[in-house]
Amino acid sequence: MDPSRKRKVRLVVALGAAVCLAAALAYTSFSASSEAASPSELVEGKSYDVTGKVVHDSISRQGDELRFRIRDRDGTESVPVVYTGVVPDPFREGREVIVSGELSRGTLVAERDSLVTKCPSKFTEDKQTS
Amino acid sequence: MEFAIALVALTLLIAVVVTGPLRNKAGAERPSTTRIEELSAAKEAKYREIRDAELDHRMGKLSREDWRAVDRELRGEAIEILRELDRLEGRSVDGR
Amino acid sequence: MAGVGSACLTVGLLTALYAVGASVYGAITGRRGWVASGRRAIYCLAALCVAAFAILESAFLRSDFSYALVAEGSSTDTPTFYKVTAVWATQDGSLLLWATVLSLFASAVLFLTRHSLRDIAPWATAVLGCVAAFFLLLMVGWENPFDTLAVPPPEGAGLNPLLRHPAMMIHPPMLYTGYVGFSIPFAFAIGALVTRRTGADWIRATRRFALIAWTFLGTGILLGALWSYSELGWGGYWAWDPVENASLMPWLVGTAFLHSIMVQEKRGMLKVWNVTLICATFTLALLGTFLVRSGILDSIHAFGASTIGVQMLVFIACVIALSVGLILARLPDLRSEARLDSLLSREAFFLLNNLVLVGLCLVVLWGTFFPLISEAITGTESSVGPPWFERIVTPLALVLVLLSGVGPVLAWRRVTASALFRLFAAPAAFTAVALVVLLAFTEAAKSVPSLLMFSFVAFVLAVVGQEFWRGTSARRLVTGEAWPQAFSRLFGRNRRRYGGYLVHAGIAVLFLGVAASSAFVDQRDVRLSPGDSIRVGDYDVTYVRATARLGGDDGGTGAPISLGAVLKVHRGDQAFTLHPSRNYYSTSDPSKGAISRFFEGEATSEVDVRWGLRRDLWLAVRPDLVSLEEPIARADREFADSPGRVQAFVISTLARLYRDNPPPAAFRAIVSPLVAWIWIGGAIAILGALIAAWPSPEARLRRVRSLYAARVGRELTRA
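Chains as they are written, first to last, in the working numbering: chain C, 326 to 455; chain B, 22 to 117; chain U, 4 to 722.
Written out as structure tokens, the structure reads:
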């Protein structure tokens, strides 16, 4: 095989590998992904990554379970959540969280260890103007 | 107020520093001297390559024939660089 | 002084713009005076940024709350170390850090190349000036660190307790040095494209900066992982979080760049690839900075929709447009000088390694931006989690480690095919032995990817060992030196090569730790009362008693209350105790009661880890405050207006109440094998990189001699 033909073959192989990788990427990501939603958009029986804020005075702990209500970022509609697993340090009422789970009979049953809390950059709620 | 004073003071200071080279009119460099710097660096890199190839041969990665071939190629390239260097250096020393 | 600081930034912006103008004018007209003037402007810019940074630091150290930034991020009771480092915990401060590091690096590189690269340097100056000007503009226009408050508060809000960890405070400067460092080769690449000097000169001048940037970026990433493991309460070191990914992507492409520039230096090939790679690396570095500060992706780090997101996006778009435009315009000048002789050569394998690294980067990019991609394509926003990343990244990582073992054995241009067997015999044998040992004596076979990774790591280590041994004996044949001398001379005279091999070994060890700790981890989440015990890994862990500490926690972060546990651990005849705890910081939220605000502010998990070479035992506790809720509520009512001393006494009583009669607390215990090797492997890699970057004494001599030669030439022409 002369050199230029060899080079063309190599190029085709490389491009072929790239196409395969891209196809694998697209296929696996779309099938493994979970939909993001806010509490007001939830539909029963489907699994979501729910983003919202923790409603004030809604946090309670019963044994291993953490219960709280999650509401839309800019709304008031909220959904109760039952969660087990690691609770991130910044978790607090009023903070924005992401939790994965499925809505069942009006309550969001959360996947274990799926709670993520966003770090606040400033102590904006706690700032005092005295 | 503090801001305005500092602004003016710093601007003046920087203007003085920065226009220094503009005030001392140094003669324009011969373009060939920049080429000489670049060629010297390329020459050193080529010497390093020749030494590396010899090390590779001694470590058994290249057979004697292969090493001879590579060595010849590299030395040829080095000679080209040296020729170019000599040409430029000769020219600038004579002022021609 | 805030006014002076602010003036420094404004004058800095003007200076940067002048540097751009003067350098471009000097480059176009060929007038050296203007180029030198532009260079001096960069030096002045560095001085201004350092001055501004010093002013800001002194404000933090003095706890001067008239500065809005100090009032937000520090307080009088913040320990001094964290006062110093709180500067870059804020957006404004970190922009100033970026600009300062950039101007210092730019000054260094321009000083070192002031007599060489006469054509390219002015354009590089202009590019660096533009980048600096952008960051200064962001500060002057939107996020000024020197904003003052008309009425300074008596006390600042304090540094977020999660950030009060040494690794977390060194992590941002490391990352930024990494990001900024890549702007130097980028600027020179643009200069090379503009002036059509697309040979290897721009690479030779900036190679060290690229390597230093890569090292700092890698260190920053490692520190972030270490912080996550030892400070956060989940016990892992990598979560495929968008911000983590944002720092990994430029590192991956930067690694590819470091390899492919060697191919251009030696063979004059891959010119288009190299300029594309460095533009991509710099763009990803900017993207990394942008992602942390824009809130565009949901992440634990999201700092909320930021005020500078749009500007950064515009700047990144400009950088991409400029890069693509220039590369396309100069394609004829970027033709390869040579062809690939043989697939059995270092060049070919470097190309392969590049493809894998870029592939890895694309995978991470896809996964990180998937929420935006899926929304654009399907209309609904979806995201992928760590399991997807791990599934796709693992095979690529395996291939990468294998390639890193093959590369060092091959020579440039070609390897004699008949020599291949001899060259790979010993490493292959070593790998086979390791595989047999693993299968016979460990449970490694339970996880096929881990087994493969262990074998490949053994292969890489064998190859590196063989290279050192063969190189040293080859040298001894010629010079007749003793083994130690020959070894150190070999290293000293071939720093790039052998430093690089050391990096490969370090990365292999790192992957060993990653594979072992991912596949063979044992984790328990339990609720224990004093006296209970559990078994995790090979350890028997018993919860002995609760602890309460006021006013001074072990980590030195200044927490008012620290509640924790003492646990006794047994393993065989080994016995030790662990003391995990939880720090409670007060909040100034006015809706909270006088006493309860000490328990309802931020709280951080202070993890205790028993480090070991073979395994780590990691423990975290989350005390249950439910039994204290009633007493706290009562205390809020009765002691709302009491003086501080009485309130402190009340709090100490409550803490003691917890300690003496604790309800069951939640514990997380994790036994991870070989985690320590991740940090050890990283350290080895960093050492190797530093050796590779170290200037060799001969090079210095040669540089000095060539400077004199240039001077002789100059003076002769003037005469």
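Built from N, CA and C at the ideal position, the CB exists for glycine as well.
Cα separation between residue 384 of chain U and residue 363 of chain C?
Within the third sequence, the letter at position 381 stands for residue 384 of chain U. Within the first sequence, the letter at position 38 stands for residue 363 of chain C. Cα-Cα distance, rounded: 11 Å.
For a contact defined as C-beta to C-beta under 8 Å, what are the partners of residue 237 of chain U on chain C?
Here residue 237 of chain U refers to the residue found at position 234 when the third sequence is read from its first residue. The contacting residues are 411, 413 and 438.
As assigned by DSSP and simplified to three states, the class of residue 109 of chain B
Here residue 109 of chain B refers to the residue found at position 88 when the second sequence is read from its first residue. DSSP places residue 109 of chain B in helix when its eight states are reduced to three.
Curious, which full-length beta strand (DSSP E) runs of at least 3 residues does the stretch 257 to 296 of chain U contain?
none
Is the beta carbon of residue 213 of chain U closer than 8 Å to that of residue 257 of chain U?
Position 254 of the third sequence, counting from 1, holds the residue named residue 257 of chain U. Position 210 of the third sequence, counting from 1, holds the residue named residue 213 of chain U. Contact flag set, yes.
DSSP three-state call for residue 715 of chain U: helix, strand or coil?
By 1-based counting over the third sequence, the position of residue 715 of chain U is 712. Per DSSP, reduced to three states, the secondary structure at residue 715 of chain U is helical.
Quick one, which of U/255, U/544 and U/324 has its alpha-carbon nearest residue 358 of chain U's?
On the third sequence, position 355 is the one that residue 358 of chain U refers to. Among U/255, U/544 and U/324, the Cα nearest to that of residue 358 of chain U belongs to U/255.
Secondary structure of residue 302 of chain U, DSSP reduced to three states
By 1-based counting over the third sequence, the position of residue 302 of chain U is 299. Note that residue 302 of chain U scores 48 on pLDDT, short of 50, meaning its location in the model is unreliable and no value can be drawn from it.
Check the Cβ of residue 723 of chain U against every Cβ in chain C and list those closer than 7 Å, keeping chain order.
The first residue shown for chain U is 4 and the last is 722, placing residue 723 of chain U beyond what the model contains.
Is the distance from the Cβ of residue 48 of chain U to the Cβ of residue 15 of chain U below 8 Å?
For the purposes of this step, residue 48 of chain U is taken as the residue at position 45 of the third sequence. For the purposes of this step, residue 15 of chain U is taken as the residue at position 12 of the third sequence. In contact: residue 48 of chain U and residue 15 of chain U (Cβ atoms closer than 8 Å).
Quick test of the definition: if touching needs 3 or more C-beta pairs under 8 Å, does the stretch 567 to 587 of chain U touch the stretch 639 to 657 of chain U?
no
Decide if residue 94 of chain U is buried, meaning its Cβ has at least 16 other Cβ atoms within 10 Å, or exposed.
Taking the first residue of the third sequence as position 1, residue 94 of chain U is located at position 91. It counts as buried.
Between residue 605 of chain U and the rest of its own chain, which residues show a CB-CB distance below 6 Å, the 5 nearest in sequence each way excluded?
Here residue 605 of chain U refers to the residue found at position 602 of the third sequence. Contacts found: 164 and 588.
Which whole runs of the alpha helix (DSSP H) in the stretch 612 to 655 of chain U are 4 residues long or more, in chain order?
Runs found: 632 to 641.
Whose Cβ in chain U lies nearer than 9 Å to the Cβ of residue 348 of chain C?
Locating residue 348 of chain C in the first sequence gives position 23, where the first residue counts as 1. What residue 348 of chain C touches in chain U: nothing, since even the nearest Cβ is about 12 Å away.
Given that residue 545 of chain U touches chain B, what residues does it touch there, using C-beta distances under 9 Å?
Translated into the one-based positions of the third sequence, residue 545 of chain U becomes position 542. Simply none; closest approach about 57 Å.
With which residues is residue 586 of chain U paired in a DSSP beta bridge?
Numbered from 1 along the third sequence, position 583 holds the residue referred to as residue 586 of chain U. DSSP, once it has assigned bridges, lists U/565 and U/607 as partnering residue 586 of chain U.
Along the stretch 367 to 392 of chain U, where does the CB come closer than 9 Å to a CB of chain C? Name the residues.
369, 370, 373, 374, 376, 377, 378, 380, 381, 383, 384, 385, 386, 387, 388, 390 and 391
Quick one: Cα of residue 339 of chain C to Cα of residue 330 of chain C, how far?
Within the first sequence, the letter at position 14 stands for residue 339 of chain C. Within the first sequence, the letter at position 5 stands for residue 330 of chain C. Taking the straight line from one Cα to the other gives about 14 Å.
Using beta carbons (cut-off 8 Å, strictly below), is residue 414 of chain U in contact with chain B?
If you number the third sequence from 1, residue 414 of chain U lands on position 411. With 8 Å as the cut-off, residue 414 of chain U counts as an interface residue toward chain B.
Can at least three beta-carbon pairs, one atom from the stretch 611 to 621 of chain U and one from the stretch 645 to 663 of chain U, be found at a separation below 8 Å?
No, the stretch 611 to 621 of chain U is not in contact with the stretch 645 to 663 of chain U.
Member of U/323, U/293 and U/408 whose CA lies at the smallest distance from the CA of residue 97 of chain U
Along the third sequence, one-based indexing puts residue 97 of chain U at 94. Residue 97 of chain U has its Cα closest to that of U/293, out of U/323, U/293 and U/408.
Helix, strand or coil at residue 677 of chain U [DSSP, three-state]
Within the third sequence, residue 677 of chain U is the residue found at index 674, counting from 1. In the structure shown, residue 677 of chain U sits in coil (DSSP, three-state: anything other than H, G, I, E or B).
Tell me, which residues are paired with residue 543 of chain U by DSSP?
As a first step, residue 543 of chain U is located in the third sequence; it is residue number 540 there, counting from the start. Partner(s): U/538 and U/573.
Touching or not, the stretch 661 to 673 of chain U and the stretch 524 to 540 of chain U, by the rule of three or more beta carbon pairs under 8 Å?
Yes: the two stretches touch, three or more of their Cβ pairs being nearer than 8 Å.
What does residue 354 of chain C reach in chain U if we use C-beta pairs closer than 9 Å?
The residue given as residue 354 of chain C occupies position 29 in the first sequence. Residues of chain U passing the Cβ test: 369, 370, 373, 376, 377, 385, 387, 391 and 395.
Can you give me, in chain order, the residues of the stretch 606 to 631 of chain U that have a beta carbon less than 8 Å from any beta carbon in chain C?
Result list: 606, 607, 608, 625, 627 and 629.
Please confirm whether residue 14 of chain U has its beta-carbon closer than 8 Å to some beta-carbon of chain B.
Translated into the one-based positions of the third sequence, residue 14 of chain U becomes position 11. Residue 14 of chain U counts as touching chain B.
Pop quiz: residue 138 of chain U and residue 101 of chain U are said to be a contact at Cβ under 8 Å. What is the actual Cβ separation, rounded to whole angstroms?
For the purposes of this step, residue 138 of chain U is identified with residue 135 of the third sequence, where counting begins at 1. For the purposes of this step, residue 101 of chain U is identified with residue 98 of the third sequence, where counting begins at 1. Yes, they are in contact, since the Cβ atoms of residue 138 of chain U and residue 101 of chain U sit about 5 Å apart, within 8 Å.
Spatial neighbours of residue 169 of chain U within its chain, please: C-beta separation below 8 Å, excluding the five flanking residues on both sides.
On the third sequence, position 166 is the one that residue 169 of chain U refers to. Answer for residue 169 of chain U: 84, listed in chain order.
8 Å Cβ cutoff met for residue 126 of chain U and residue 43 of chain B:
The count along the third sequence starts at 1 and reaches residue 126 of chain U at position 123. The count along the second sequence starts at 1 and reaches residue 43 of chain B at position 22. No, the pair does not count as a contact, with Cβ atoms beyond the cut-off.
Which residues, taken in chain order from the stretch 668 to 684 of chain U, show a beta carbon closer than 7 Å to some beta carbon of chain C?
671
At a CB-CB cut-off below 7 Å, which residues of chain B make contact with residue 6 of chain U?
Locating residue 6 of chain U in the third sequence gives position 3, where the first residue counts as 1. Chain B residues near residue 6 of chain U: 23, 24 and 27.
Take residue 349 of chain C as the anchor and find which of U/396, U/573, U/563 and U/554 has the nearest alpha-carbon.
As a position in the first sequence, residue 349 of chain C is number 24, starting the count at 1. The residue with the shortest Cα to Cα distance from residue 349 of chain C is U/396.
If the criterion is Cβ atoms closer than 8 Å, does the pair residue 442 of chain C and residue 422 of chain C meet it?
Sequence index remark: in the first sequence, residue 442 of chain C carries index 117 (1-based). Sequence index remark: in the first sequence, residue 422 of chain C carries index 97 (1-based). Yes, the pair counts as a contact, with Cβ atoms nearer than the cut-off.
Could you pull out every residue in the same chain whose Cβ sits closer than 6 Å to the Cβ of residue 439 of chain C, ignoring the five residues on either side in sequence?
Against the first sequence, residue 439 of chain C aligns to sequence position 114. Counting only Cβ-Cβ distances below 6 Å, and skipping sequence neighbours, we find 424 and 425.
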